[in-house]
Every structure is written in C-alpha cells, then in structure tokens.
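Novice: Numbering (full-length UniProt numbering), first residue to last: 1 to 51.
Below you will find the structure I want to go over with you.
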C-alpha cells in the first residue's frame, strides 16, 4: 500500500481517533506512505499540527 485515503475525517469517533493514531505511528515507520485526509468541513490547521 502506497496511499491511504480517509474521507469524512471531520466526523470524529473513538474508532476514527484510534485510526488516526495508528496512521500517525505508521508514518514514522513508512516514509513512502502518503495519507490523504478528506472532508468538506475540515479544520486543516488542526490536522496539520497533529501530523
């Protein structure tokens, strides 16, 4: 897998927060992995600071 696309990222839940934590950890181990976060109402600054 080279790319991971997550849609409706603004719809927060326990499962989506856990997934984002796993993805963040995975990004430190996989320099080649690209992640696309999609949302119509995304607070981009919040997610930019997280990643």
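Glycine included, C-beta positions come from ideal geometry on N, C-alpha and C.
Everything numeric in this text was worked out from a predicted model, so none of it was measured.
In terms of residue numbering, what span does the beta strand (DSSP E) encompassing residue 4 cover?
Specialist: Taken as a continuous stretch (DSSP letters only), the beta strand (DSSP E) holding residue 4 covers 3 to 6.
Novice: Count the other C-beta atoms from every protein chain shown that fall within 10 angstroms of the C-beta of residue 26, then say buried if there are 16 or more, exposed otherwise.
Specialist: Burial call: exposed.
Novice: Assuming residue 37 and residue 47 make a contact with CB atoms under 8 Å, what is their CB distance in whole Å?
Specialist: Right, their Cβ atoms sit about 6 Å apart.
Novice: Tell me whether the beta-carbon of residue 4 lies closer than 9 Å to the beta-carbon of residue 23.
Specialist: Yes, Cβ-Cβ distance for residue 4 and residue 23 is below 9 Å.
Novice: What does a CB cutoff of less than 8 Å around residue 10 pick up in its chain, not counting 5 residues either side in sequence?
Specialist: Hits under 8 Å: 39, 40, 41, 42, 43.
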